[in-house]
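So the structure is just underneath, and the comments pick up after that.
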Amino acid sequence: MRAAVIVFPGSNCDRDLKVAFERAGFSVDMVWHKDTSMPDGIDIVGVPGGFSFGDYLRCGAIAANSPICRAVIDHASRGGYVLGICNGFQVLTETGILPGALRRNAGLKYICRTVGLKVETADSAFTSGYQAGQEIMIPIAHHDGNYFADEGTLARLRDADRIAFSYLDNPNGSVADIAGVLSDNRRVLGMMPHPERAADAGHGGSDGAAMFRALASQFAMA
Amino acid sequence: MQEPAITEELIAAHGLKPDEYARILDIMGREPTFTELGIFSAMWNEHCSYKSSKRWLRTLPTTGPQVICGPGENAGIVDIGDNQAVVFKMESHNHPSYIEPYQGAATGVGGILRDVFTMGARPVAAMNSLSFGEITHPKTRQLVNGVVEGIGGYGNCFGVPTVGGEVRFHAAYNGNCLVNAFAAGLVDADKIFYSAASGVGMPVVYLGAKTGRDGVGGATMASAEFDESIEEKRPTVQVGDPFTEKRLMEATLELMATGAVISIQDMGAAGLTCSAVEMGDKGGLGVKLHLERVPQREEGMTAYEMMLSESQERMLMVLRPEKEEEARAVFDKWDLDFAIVGETIPEDRFLILHNNVVKADLPLATLSGSAPEYDRPWVETPAPEPLPDLPGIDPVDGLRALISSPNYAAKQWVYDQYDSMVMADTVRGPGLGAGIIRIHGTDKKLAFTSDVTPRYVRANPFEGGKQAVAEAFRNLCAMGAKPLASTDNLNFGNPEKPEIMGQFVGAIKGIGAAVSALDMPIVSGNVSLYNETDGQGILPTPTIGAVGLIAADEEPIIGEVRDGHVAVLVGETSGHLGQSALLHEVFNREDGDAPHVDLDAERRNGDFIRANRELIKACTDLSDGGLALAAFEMAESAGVGVYLDTADTATLFGEDQARYLVACNFDQAEALMIAAGRAGVPISSVGRFTGSTVRFGRSEAPLSELAEIYRSSFAAALA
Numbered sequence: 328m329r330a331a332v333i334v335f336p337g338s339n340c341d342r343d344l345k346v347a348f349e350r351a352g353f354s355v356d357m358v359w360h361k362d363t364s365m366p367d368g369i370d371i372v373g374v375p376g377g378f379s380f381g382d383y384l385r386c387g388a389i390a391a392n393s394p395i396c397r398a399v400i401d402h403a404s405r406g407g408y409v410l411g412i413c414n415g416f417q418v419l420t421e422t423g424i425l426p427g428a429l430r431r432n433a434g435l436k437y438i439c440r441t442v443g444l445k446v447e448t449a450d451s452a453f454t455s456g457y458q459a460g461q462e463i464m465i466p467i468a469h470h471d472g473n474y475f476a477d478e479g480t481l482a483r484l485r486d487a488d489r490i491a492f493s494y495l496d497n498p499n500g501s502v503a504d505i506a507g508v509l510s511d512n513r514r515v516l517g518m519m520p521h522p523e524r525a526a527d528a529g530h531g532g533s534d535g536a537a538m539f540r541a542l543a544s545q546f547a548m549a
Numbered sequence: 106m107q108e109p110a111i112t113e114e115l116i117a118a119h120g121l122k123p124d125e126y127a128r129i130l131d132i133m134g135r136e137p138t139f140t141e142l143g144i145f146s147a148m149w150n151e152h153c154s155y156k157s158s159k160r161w162l163r164t165l166p167t168t169g170p171q172v173i174c175g176p177g178e179n180a181g182i183v184d185i186g187d188n189q190a191v192v193f194k195m196e197s198h199n200h201p202s203y204i205e206p207y208q209g210a211a212t213g214v215g216g217i218l219r220d221v222f223t224m225g226a227r228p229v230a231a232m233n234s235l236s237f238g239e240i241t242h243p244k245t246r247q248l249v250n251g252v253v254e255g256i257g258g259y260g261n262c263f264g265v266p267t268v269g270g271e272v273r274f275h276a277a278y279n280g281n282c283l284v285n286a287f288a289a290g291l292v293d294a295d296k297i298f299y300s301a302a303s304g305v306g307m308p309v310v311y312l313g314a315k316t317g318r319d320g321v322g323g324a325t326m327a328s329a330e331f332d333e334s335i336e337e338k339r340p341t342v343q344v345g346d347p348f349t350e351k352r353l354m355e356a357t358l359e360l361m362a363t364g365a366v367i368s369i370q371d372m373g374a375a376g377l378t379c380s381a382v383e384m385g386d387k388g389g390l391g392v393k394l395h396l397e398r399v400p401q402r403e404e405g406m407t408a409y410e411m412m413l414s415e416s417q418e419r420m421l422m423v424l425r426p427e428k429e430e431e432a433r434a435v436f437d438k439w440d441l442d443f444a445i446v447g448e449t450i451p452e453d454r455f456l457i458l459h460n461n462v463v464k465a466d467l468p469l470a471t472l473s474g475s476a477p478e479y480d481r482p483w484v485e486t487p488a489p490e491p492l493p494d495l496p497g498i499d500p501v502d503g504l505r506a507l508i509s510s511p512n513y514a515a516k517q518w519v520y521d522q523y524d525s526m527v528m529a530d531t532v533r534g535p536g537l538g539a540g541i542i543r544i545h546g547t548d549k550k551l552a553f554t555s556d557v558t559p560r561y562v563r564a565n566p567f568e569g570g571k572q573a574v575a576e577a578f579r580n581l582c583a584m585g586a587k588p589l590a591s592t593d594n595l596n597f598g599n600p601e602k603p604e605i606m607g608q609f610v611g612a613i614k615g616i617g618a619a620v621s622a623l624d625m626p627i628v629s630g631n632v633s634l635y636n637e638t639d640g641q642g643i644l645p646t647p648t649i650g651a652v653g654l655i656a657a658d659e660e661p662i663i664g665e666v667r668d669g670h671v672a673v674l675v676g677e678t679s680g681h682l683g684q685s686a687l688l689h690e691v692f693n694r695e696d697g698d699a700p701h702v703d704l705d706a707e708r709r710n711g712d713f714i715r716a717n718r719e720l721i722k723a724c725t726d727l728s729d730g731g732l733a734l735a736a737f738e739m740a741e742s743a744g745v746g747v748y749l750d751t752a753d754t755a756t757l758f759g760e761d762q763a764r765y766l767v768a769c770n771f772d773q774a775e776a777l778m779i780a781a782g783r784a785g786v787p788i789s790s791v792g793r794f795t796g797s798t799v800r801f802g803r804s805e806a807p808l809s810e811l812a813e814i815y816r817s818s819f820a821a822a823l824a
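For the record, the sequence lines run as chains A and B. Going by our numbering, the first residue of the first sequence is number 328, and it counts up by one from there. Going by our numbering, the first residue of the second sequence is number 106, and it counts up by one from there.
Structure follows, in structure tokens:
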């Protein structure tokens with residue numbers, strides 16, 4: 328089982344994501360943003376949180392145009408698995424791998440706190456460790472997590488059961504309380520909350536661990 | 106370009122007194138050039154030279170078996186076993202934050218982070234201690250918004266968790282806010298980097314961001330009082346770029362691992378001047394710089410501007426020449442500037458060339474070592490009048506008044522804006538008591554706190570100084586952490602006034618007594634004087650930042666209060682109301698003496714808490730607001746009511762020191778009482794956590810009502 332974690336110069340949750348993958352049994356390659364290809368034999372690519380290029384422009388916009396993102400797009404389009412967390416979700420929407428966009432929080436302030444999420448679907452490699460409808464506690468930490476998609480896109484997401492998580496008490500103004508969405512083939516997940524920050528007992532909550540365990544069992548079987 | 110002639114006005118504008126200028130003439134044997142005058146002013150201002158405070162700082166205890174590096178380097182370093190060390194310091198950015206709150210606070214965070222990673226440590230935790238004017242003052246809201254956003258904007262992007270801090274409001278800060286930023290990092294004890302240069306002819310390398318005109322004269326600005334010309338000082342504030350800082354940190358740590366670094370120093374106050382002089386002076390070497398090689402952001406910069414610029418995210422390093430290519434490759438990887446701008450020279454000389462023209466030629470050691478030092482006259486703060494009898498109040502009304510004040514209401518509005526969990530090792534974030542992080546990959550933990558009660562220090566500088574240390578000690582012990590060492594950030598008014606100097610001297614004596622008794626030596630720190638506007642000084646605010654260790658085989662005390670737990674009070678209560686939160690918030694008075702600190706009792710009671718951690722579910726130290734506020738905060742955080750037997754105002758709201766409130770089950774409470782009897786620690790059962798009301802004697806209110814006030818008052822006050 329091998330995961331790659333992309334490292335942009337301003338990524339700051341790269342190590343945290345690596346640790347969460349490793350704890351679930353993955354071996355992890357850290358992949359530099361200037362690289363043009365993914366190492367061979369990668370089962371899943373993690374795009375971590377942080378401020379990829381300072382996010383002085385739109386969050387994730389410069390990262391989406393970095394050399395490695397070509398390789399991430401190729402990986403996804405070949406049916407590869409990708410997990411984008413926080414800034415990683417922003418990058419994935421900027422590349423167009425996932426629909427929608429992340430705008431400034433409705434309250435205009437950065438928010439870091441542990442929030443309640445509802446698991447909207449258990450039908451994905453990421454969420455199969457949860458029950459649909461299950462409520463979990465996962466931290467958020469972002470300034471631009473206000474998810475937006477137009478009506479048509481929202482309808483498609485709903486119809487195809489592609490909303491992975493929603494907020495129980497919407498902290499940032501996201502449309503339809505959306506906290507995370509899946510790609511068409513259900514192999515790419517983007518989410519604003521940080522499951523890697525709730526991945527062991529020392530974090531004071533470990534509801535995120537089930538995601539990494541579910542991914543591990545997926546690839547262990549493969 | 107022709108440099109301006111040296112006139113009396115120019116000398117005064119550089120903050121140099123006539124006798125200080127006479128000393129310059131004496132050292133030089135000639136009139137200084139404009140650039141040289143700028144260099145002297147940068148080195149000799151209060152901020153960089155500590156000329157008013159040095160004499161007293163020397164009296165502080167700074168050593169101990171745990172101390173690897175005390176004051177004098179970029180940050181202090183303390184041994185935490187297993188070849189690991191914690192590097193930490195607290196530093197003020199008060200003046201710039203008042204002028205330009207977002208950038209002032211942001212660059213304060215940037216500066217302290219740089220101090221930590223310059224020594225080879227990866228920053229793992231941040232805190233900040235903030236003091237603002239009254240919430241109703243027209244400037245306060247803008248300052249709070251800007252400062253909090255600036256701290257978050259920088260720290261969140263850089264990627265360090267903010268795990269603790271303080272926020273206070275008082276009219277004395279109406280004209281001068283305080284922004285004290287703390288950072289701590291981890292380093293292998295055998296891989297620490299220092300600033301002393303060594304070897305002649307070694308390349309001096311400039312690293313990081315380019316030099317611009319921002320912050321020219323910043324350190325001199327921060328060494329003066331404010332008046333109506335404050336708006337003109339805006340250009341002296343630096344602009345922060347946390348993304349560059351993050352890259353600079355990664356590149357610096359990577360560079361250190363290559364073995365290329367002989368010595369390294371960050372460019373903080375007085376930028377290139379201070380860093381070059383410090384490296385040369387500590388190594389007993391001279392330094393020659395070629396300014397045209399300095400990476401510049403703007404065109405046509407003069408030698409004066411480059412030497413005094415406080416552009417952020419820059420470092421100066423002495424390099425092993427054979428490693429140049431390897432070192433350059435690291436900085437290329439991170440897209441940062443890397444330029445050899447000079448070399449170390451054998452003679453005692455600070456030689457500045459710009460396009461081969463000599464702009465400054467100064468004796469380096471003298472420049473650094475002969476800064477003026479003053480023994481400022483001071484007067485003892487008069488003993489406060491005793492507090493007259495106070496009318497009784499309904500105790501729950503008293504609590505309501507406290508928790509609806511932004512001083513004691515929950516600060517979630519602030520802490521939500523800081524990333525407290527990045528690095529995924531946060532065990533306890535900011536809000537209640539000390540913050541705790543795990544040492545990555547181990548079961549060891551570090552706890553952090555910052556404390557001071559400025560009202561106490563004003564009333565009684567000696568006891569107030571002691572109390573700041575004692576409260577830090579308590580906050581660490583309450584989490585089960587062994588206090589290791591401290592950093593002091595001493596914020597005062599104009600030291601040329603004997604009363605202010607008296608506050609400073611008294612506080613230093615108190616801090617010294619307490620860190621000695623509690624074995625928390627001062628390993629780093631910073632002094633910020635001249636916090637005055639139109640002659641009005643701040644409350645004396647010697648902030649103490651402290652670090653404690655929780656060993657791998659120890660559990661932190663972070664359990665939750667449960668319905669049925671006994672409320673056990675550790676320590677002696679006499680009901681001291683002088684200078685208390687209740688007095689200030691309810692009676693609108695600030696009189697009486699500060700509570701006196703019995704350091705033996707502090708030590709004994711703190712040791713008792715740590716030694717009996719397995720009998721304690723949750724614990725908090727008693728400070729402002731006394732037993733009533735502590736009991737409420739513990740109850741509220743668990744969503745369980747609390748009943749205290751007493752309704753006596755002084756018992757509930759008195760601020761006697763060396764006390765803790767413990768929650769535990771009945772059997773544990775009994776065992777704790779027996780242990781306390783053996784240890785000679787005063788202890789009593791004062792009530793119970795239960796139900797859904799807060800009840801003091803017969804006075805009560807629903808917990809939900811009080812919680813709503815507590816949770817919403819801060820944001821409401823700022824709205």
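C-beta: ideal position from N, C-alpha, C; glycine also. Values in this document were obtained by computation on a predicted structure and should not be read as measured data.
Beta-carbon neighbours of residue i, restricted to chain B and to distances below 7 Å
i: residue 437(A); result: 257, 261, 522
i: residue 528(A); result: Per Cβ cutoff of 7 Å: no residues; residue 528(A) is ~10 Å from chain B at best.
i: residue 392(A); result: Those within 7 Å of residue 392(A) in chain B number zero; the least Cβ separation is about 15 Å.
Interface flag, residue i vs chain C, CB-CB below 7 Å
i: residue 237(B); result: Among the protein chains of the structure shown, namely A and B, there is no chain C.
Identified DSSP bridge partners for residue i
i: residue 316(B); result: 401(B)
i: residue 593(B); result: 630(B), 649(B)
i: residue 420(B); result: 312(B), 371(B)
Contact check, residue i vs residue j, beta carbons under 7 Å
i: residue 465(A); j: residue 401(A); result: no
i: residue 822(B); j: residue 240(B); result: yes
i: residue 791(B); j: residue 727(B); result: no
i: residue 522(B); j: residue 321(B); result: no
i: residue 430(A); j: residue 526(B); result: no
i: residue 357(B); j: residue 193(B); result: no
i: residue 268(B); j: residue 226(B); result: no
i: residue 153(B); j: residue 375(B); result: yes
i: residue 585(B); j: residue 643(B); result: no
i: residue 259(B); j: residue 214(B); result: yes
i: residue 313(B); j: residue 360(B); result: no
i: residue 333(A); j: residue 358(A); result: yes
Sequence-distant residues of the same chain with beta carbon closer than 7 Å to residue i, five excluded per side
i: residue 805(B); result: 501, 798, 799
i: residue 480(A); result: 426, 427
i: residue 249(B); result: 237, 823
Contact list for residue i against chain A, beta-carbon separation under 7 Å
i: residue 799(B); result: Near residue 799(B) there are no residues of chain A at all, since even the closest Cβ is about 25 Å away, more than 7 Å.
i: residue 525(B); result: 439
i: residue 439(B); result: 336
Proximal residues of chain B, C-beta to C-beta of residue i below 9 Å
i: residue 426(A); result: Correct list: empty, because the minimum Cβ distance to chain B is about 27 Å.
6 Å CB neighbourhood of residue i in its chain, flanking five on each side removed
i: residue 305(B); result: 449, 451
i: residue 185(B); result: 191, 654
Within chain A, partners of residue i - CB distance below 9 Å
i: residue 824(B); result: The contacting residues do not exist; residue 824(B) stays about 12 Å from chain A at best.
Own chain partners of residue i with C-beta closer than 8 Å, once the 5 adjacent residues on each side are dropped
i: residue 368(A); result: 329
field: Segment contact, 8 Å Cβ cut-off, at least three pairs: the region 505–517 of chain B with the region 807–820 of chain B
entry: Contact holds: three or more Cβ-Cβ distances are below 8 Å.
message: Across the region 388–399 of chain B and the region 458–466 of chain B, are there enough close Cβ pairs to call them in contact, namely three or more that are closer than 8 Å?
response: The region 388–399 of chain B vs the region 458–466 of chain B: in contact.
query: Is there contact between the region 416–423 of chain A and the region 514–533 of chain A, where contact requires at least three CB pairs shorter than 8 Å?
result: A contact exists between the region 416–423 of chain A and the region 514–533 of chain A.
query: Do the region 479–488 of chain B and the region 602–610 of chain B make contact, defined as three or more Cβ pairs closer than 8 Å?
result: The region 479–488 of chain B, when compared against the region 602–610 of chain B, does touch it at the 8 Å Cβ threshold.
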